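These notes concern the structure reproduced below.
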Amino acid sequence: DFEYVYMTVLGFAKLHALVEEITKLNNGENFTRNPGVQLLERACGMTMHGDREGSNALLRSAPGAMLEAYQAAKASGKILEFFRKAFDRKADPCLEGRTSRLMHFAEQQHVPGTSMAPWEDISLQRLPGDAAVKDV
Numbered sequence: 155d156f157e158y159v160y161m162t163v164l165g166f167a168k169l170h171a172l173v174e175e176i177t178k179l180n181n182g183e184n185f186t187r188n189p190g191v192q193l194l195e196r197a198c199g200m201t202m203h204g205d206r207e208g209s210n211a212l213l214r215s216a217p218g219a220m221l222e223a224y225q226a227a228k229a230s231g232k233i234l235e236f237f238r239k240a241f242d243r244k245a246d247p248c249l250e251g252r253t254s255r256l257m258h259f260a261e262q263q264h265v266p267g268t269s270m271a272p273w274e275d276i277s278l279q280r281l282p283g284d285a286a287v288k289d290v
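Structure below.
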């Protein structure tokens, strides 16, 4: 698991460095026709669903989500648990899945009374067309 965690951390760091180039190249197409996703795969070692709404926002927020989860683990003294739960090599390998696990871990470590929103509220999930105003 060390290699998976190590490569994922390096991938997120590379994403942070290349995010503007990747978002410019993201044309909203399937990965086979999307130069942004192809650059993400080559440079960062992970894929994503570039054809989904909010994909560029995910690209910009993913590295910060990792840092937030690590900070939460460090503050709670659960570093080992962080590496075991937030990095699952058998789970969804796309950027959305990896970021979701990081945000979920950070939320579990959340101390009541602080300002962190639940990960479901800030994740990039498409709302149905008939969503009520309160859901938006």
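If you count the sequence shown from 1, you need to add 154 to reach our numbering. The beta carbon of each residue, even a glycine, is placed where N, CA and C say it ideally should be. On a predicted model such as this, the values are computed, not experimentally measured, just so you know.
By the criterion of a C-beta distance shorter than 6 Å, GLY165 is surrounded in its chain by CYS198, GLY199 and MET200, once the five residues flanking it on both sides are discounted. Residue environment: LEU221 is assigned as exposed (fewer than 16 neighbouring CB atoms within 10 Å of its CB, all protein chains considered). Beyond the five residues adjoining it in sequence on each side, GLU250 comes within less than 8 Å, by CB distance, of MET202, HIS203, ARG206, LEU212 and LEU278 in the same chain, given in chain order. For GLU183 and LEU194, the gap between their C-alpha atoms comes out near 14 Å.
Contact check between the region 172 to 179 and the region 247 to 263: fewer than three CB pairs, one atom from each, fall below 8 Å, which does not count as touching.
Cβ atoms of ALA216 and LEU169 come within 8 Å of each other, at about 6 Å. In the structure shown, GLU250 falls within a helical segment according to DSSP collapsed to helix, strand and coil.
Comparing C-alpha distances from ALA219 to each of ASP155, ALA240, MET161 and ALA229 shows the shortest one belongs to ALA240. For THR201, the three-state secondary structure derived from DSSP is coil. For ALA245, the secondary structure class from DSSP, reduced to helix, strand or coil, is coil. Where GLN225 is concerned, the enclosing alpha helix (DSSP H) starts and stops at 209 to 230. Take the alpha-carbon of MET161 and the one of ALA229: they are about 24 Å apart.
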